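**Q** Chains as they are written, first to last, in my numbering: chain A, 1004 to 1261; chain B, 5 to 318; chain C, 22 to 319. Note that the Cβ used here is the ideal one computed from N, Cα and C, for glycine as well. A quick note: this is a predicted structure, and the numbers were derived from the prediction, not measured.
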Amino acid sequence: MTSRVSAITWNTFREAVRDRVLYNLVLFVLLLVGSAPLFSQISIGLEKLMLVNVGLSSISLFGVIIAIFIGIGLVSKEIEKKTLYTILSRPVRRWEFIVGKYLGLLLTLAVNAILMAVGFYAALLIFVHGLTAADAGLLVAIYFIILQFMMMIAITLLFSTFSTPIFSAIFAFALFVIGTFGNDLKNLAAMSKGANKWLITTASYVLPNFASLNVISQAAHDQSVGGQMILLNTGYALCYSIAVTVAAILIFERRNLK
Amino acid sequence: MGMYAIEIQGLSKNYAVGFWKKQIRPALKSLDLKVDVGETFGFLGPNGAGKTTTLKLLMGIIFPTAGSATILGKDLFDPEIKRKIGFLPEQPYFYDYLSAPELLDYYARLSGVSASVRRQRITDLLGRVGLDDVGNKQLRKFSKGMLQRVGIAQAIIHDPEVVFLDEPMSGLDPLGRHEIRELIQQLKDEGKTIFFSTHILSDAETLCDRVAVIHKGELRGVGVVNDFRSSIAEKTEIVWVGAAALSATAQLALEHHVTGDTVRATVQSADLDRVLEKLREQRARLISVTPVHRTLEEYFLAKTREEEKEVVPK
Amino acid sequence: MTHQGKVTAICAVLFVILFVGSIVSRRRVEAVNGSQATLDEVLYLPSGKSIKKLSLGYSSLLADIYWTRAVQYFGAQHIGSAAHYELLSPLLDITTDLDPNLIVAYDTGSIFLSQKQPDGAGQPDKAAALVEKGIRANPANWRLYFTLGFIHYTDRHDPKAAQLAFQKGSEIPGALPWMKAMAARMAERADDPATAASLWQTIYDTTKDTGLKDTAVRHLTSLRVESELNELERRTKVYFDRHNAYPEEWSDLVRDGLLRGVPVDPNGAPYTLRLDGTVRVQNPKDFPYLERHKPPAK
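1) Give a yes or no on whether the C-beta atoms belonging to Tyr8 of chain B and Asp40 of chain B are separated by under 8 Å.
2) Measure from the C-beta of Tyr1243 of chain A to each C-beta in chain C and report whether the shortest distance is under 8 Å.
3) Name the one or two DSSP bridge partners that His24 of chain C has.
4) Considering only C-alpha positions, which residue in the set B:Glu301, B:Gly195, B:Gly225, B:Asn140 is nearest to His203 of chain B?
5) Can you name the residues of chain C whose CB is closer than 8 Å to the CB of Leu1191 of chain A?
6) Quick check on Pro83 of chain B - is its C-beta less than 8 Å from some C-beta in chain C?
7) Could you check how far apart the C-beta atoms of Asp120 of chain C and Ser81 of chain C are, in whole angstroms? I think they sit under 8 Å.
8) With distances taken from CA atoms, which of A:Leu1028, A:Val1143, A:Ile1101 is nearest Leu1234 of chain A?
9) On the DSSP letters alone, give me the boundaries of the alpha helix (DSSP H) that Ser120 of chain B sits inside.
10) Give a yes or no on whether the minimum CB-CB distance between Thr23 of chain C and chain B is below 8 Å.
11) In angstroms, rounded to a whole number, what distance separates the CA positions of Gln303 of chain C and Ala290 of chain C?
12) Does Ala9 of chain B come out as helix, strand or coil in the three-state DSSP assignment?
13) Using CA atoms only, rank isn't needed, just tell me which of B:Ile10, B:Val296, B:Ile66 is closest to Tyr19 of chain B.
14) Tell me, to the nearest whole angstrom, how far the beta carbon of His219 of chain B is from that of Gly49 of chain B; I am working on the premise that it is less than 8 Å.
15) Give the C-beta separation of Leu241 of chain C and Ala215 of chain C to the nearest angstrom, bearing in mind that I take them to be a contact with Cβ-Cβ under 8 Å.
16) Buried or exposed: His261 of chain B, going by 16 or more other Cβ atoms within 10 Å of its Cβ?
17) DSSP three-state label for Thr299 of chain B, please.
18) Whole angstroms are fine: how far does the CA of Ala1039 of chain A sit from the CA of Ile1145 of chain A?
19) Gln184 of chain C by DSSP, collapsed to three states: which one?
20) Using the beta-carbon of each residue, which ones in chain B are nearer than 9 Å to Leu1091 of chain A?
21) With DSSP as the reference, label Gln158 of chain B as helix, strand or coil.
22) Quick one: list the residues of chain C neighbouring Ser1006 of chain A, beta-carbon separation under 8 Å, in chain order.
23) I'd like to check one pair, Thr116 of chain C with Tyr87 of chain C: are the Cβ atoms closer than 8 Å?
24) Contact criterion: CB-CB distance below 8 Å. Does Arg113 of chain B meet it with respect to chain D?
25) Could you check where the alpha helix (DSSP H) with Gly130 of chain C kicks off and where it finishes?
26) Quick one: list the residues of chain A neighbouring Leu35 of chain C, beta-carbon separation under 8 Å, in chain order.
27) Please confirm whether Lys1085 of chain A has its beta-carbon closer than 8 Å to some beta-carbon of chain B.
28) Any beta-carbon of chain A closer than 8 Å to the one on Arg47 of chain C?
29) Which class does Gln27 of chain B belong to by DSSP, given the choice of helix, strand or coil?
30) Name the chain C residues that come within less than 9 Å of Tyr1124 of chain A, Cβ to Cβ?
31) In the structure shown, what three-state DSSP assignment does Trp244 of chain B receive?
32) Report all residues from its chain with a CB closer than 7 Å to the CB of Val21 of chain B; omit the five preceding and five following residues, and keep chain order.
33) Going by the CB atoms, is the gap between Val166 of chain B and Ile12 of chain B shorter than 8 Å?
34) Could you tell me if the beta carbon of Pro309 of chain C falls within a distance shorter than 7 Å of some heavy atom in the ligand SAH?
35) Are the C-beta atoms of Asp1187 of chain A and some chain C residue less than 8 Å apart?
36) If you run the structure through DSSP and keep just helix, strand and coil, what is Lys1189 of chain A?
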């Protein structure tokens, strides 16, 4: 079982690499290197703040875009191209296929994020002249970004099992935006009454919440994130991602392919 | 052993079509079939007859509306049975960013081929299908014929007992088809059970032990190929010169063609002597007398032209 | 069970467990975080104007979101009696930068800002500045002048500035006549509780925020008590003038024809007659907004 899942994971990663997805790193480096000198012109003393904001936001945004672009095709492309026929004729369980695809994309994004982190720290070193102990806090922000990826991948994978790429992209992007305002949705639920309250509360739990995973501002201001927060957020991201992936498996298991 | 390589019972597949998905289109109607171990079985039918649907059902790509099937005695939904079967889909598409060895390695892993034998087997197999010189070229650069060979390779990389081929010759030039035929013959000699669908009758005639004819989702008949070859000719074809003699034999001739003074007629073999008598009386000059064997083509055409046996369910 | 059946059963169970798990962990995150922590970013945002540029044309939607956050934040502080409202002013600033025409952020938001703690942030100067910002962006809105005047009078204790505000507001076409009347009151009867009462009554009548309505009711009740206390003290003075001594009990005043019965406050508790002729409420906690008849400081 694990050898099949790991074979699919590795193959998914390989496909992303050969599709030249990792070239986005070049864009990222250019962005950082190009914009960093501008920061000191905008406001002295805030270079680090702005570099951290731009750097971390880029890592997050680039990753989510890749998650959507590759995620929407994870399953639908294999159905479309009929490459799934030769997979399903083998002792591969359908759920192993889903899990392998998920882990493959997660691996891709994690590698992407780590490489970006390296570039980001290098930029900090060069432009801000030195790292402090507090900079380890940036790692927490990056870790939270990877948790965000975990959830986004599960979402795009779910859509990929039953929807066409265009709709998957639209829904996934919409969920990302709504998820960014997850806390506001919760507030809205708290302020409404009656049947509306139930509806909105349910929606706020079903929809992902990326708001509490966004610690970029805190990181930019050298504010550390507590250990309990890290644990709880990890728990949330894991539960949500696995639940959505399981839903994807449920759909895929009974799907008649073309 | 008592078990069949493939046993299909009442296998049916209906599709819901139409805008509201209310209409039912039956793609396969209650198929019953048994294939023996070691047999090469041809699954014949015109396009859209239900051949690919049957194969997709057997592979678990789509789910049956009714009925069941077993392969080597195990239910087809048992994932472990997949270790013993290989599948070549119609006009296959493979991951085009991989090279042939990478593709075979991937599939070999998924089929549970152990690491120790994998590499050697891939090399051997590539040689066997005539692809030993492709190196690390990506599959996107392969020709159709090369892809078909890769397809056969991935179907047998794990040394399965039963091999399913869907239109294995499609799109190949005569040389390619010859080579694939050779390969299938080799697999046959190794004792594998082969189930292949095609609409090219000559291939079926050459390779298969038995054939089934399917049309509009229904099994129309199952025949033994050898029977067609060795059957006693029911008809005889006579060619002679002397069109005038035709009138005397007209009643007995099942059909005839006249070109100038040459007549080609088909008669029942039982009437052969009488016709030859008549022709001698008429002083016709005999050119040839040839027994006509019932061909697979005839069988095929006969079966596909029969009226449908069941009313389409609403 | 078939292979597919097994997988389905396991998946269904897993899904339920994990989904519940996600709800539980999320609630714990919010409990630990307070929904406040993400609001702290408000302190770090460069300015509302730069956010406006980033919001790609959806700035009024974003303004609504920030206004909602401001209301939630205010409500949470209020209820939790945390009584530290530092983020309110930045939130309102960003909201109004994103959508300068979001009137409710100016008129209701500024009152949240200006009210004394724990009812509000206790920042009347900032509140006045916010309303003035709103007036600049919405010059035809005369009701904002009312809010400005209200803040000047109630929380900044500057009836002159209040009068100016009401005056200017009354000159805008469409302004209702009572704006002029309000300006006049500011000039002549600034100390009269009736003046404050009419202000609060207007607030009660025009605001849509239920919290503010409740606050207005409480102020109105206190003002009514205030004027009743004033009137009762006037009558004890009359009694003193007649008898050269202050009344000892309410019945003294009744016998004198100055009262018809024991006077009670809006809650039904009798007023307390003190020996020096002053009148107080029995339970000061019921009427927290009394200005001149506050209980003696302990």
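**A** Reading off the structure:
1) yes
2) Chain C, which has a Cβ nearer than 8 Å to the Cβ of Tyr1243 of chain A, makes this yes.
3) Answer is none; His24 of chain C lacks a bridge partner.
4) Here the closest residue by C-alpha is B:Glu301.
5) Thr89
6) At least one chain C Cβ lies under 8 Å of Pro83 of chain B.
7) 4 Å
8) Here the closest residue by C-alpha is A:Val1143.
9) 119-132
10) Closer than 8 Å to some Cβ of chain B, the Cβ of Thr23 of chain C qualifies, so yes.
11) 7 Å
12) Secondary structure at Ala9 of chain B: coil, using DSSP grouped into helix, strand and coil.
13) Measuring from the Cα of Tyr19 of chain B, the nearest candidate turns out to be B:Ile66.
14) 6 Å
15) Not quite, the Cβ-Cβ distance comes to about 11 Å (not below 8 Å), so this is no contact.
16) exposed
17) coil
18) 19 Å
19) helix
20) Neighbours of Leu1091 of chain A on chain B, chain order: Met63, Gly64, Ile65, Lys86, Phe91.
21) helix
22) Simply none; closest approach about 19 Å.
23) yes
24) Within the model displayed, chain D is absent; protein chains A, B and C are what it includes.
25) 124-135
26) Ile1245, Ala1246, Val1249
27) yes
28) For Arg47 of chain C, the nearest beta carbon of chain A is closer than 8 Å to its own beta carbon.
29) Of the three classes helix, strand and coil, the one that applies to Gln27 of chain B here is strand, per DSSP.
30) Residues of chain C passing the Cβ test: none, with the nearest at roughly 22 Å.
31) Here Trp244 of chain B sits in strand by DSSP.
32) Gln27, Arg29
33) no
34) The ligand SAH is absent from the structure shown, which contains no ligand whatsoever.
35) Interface flag for Asp1187 of chain A against chain C is set, since a Cβ pair is found closer than 8 Å.
36) Lys1189 of chain A falls in the helix class under three-state DSSP.
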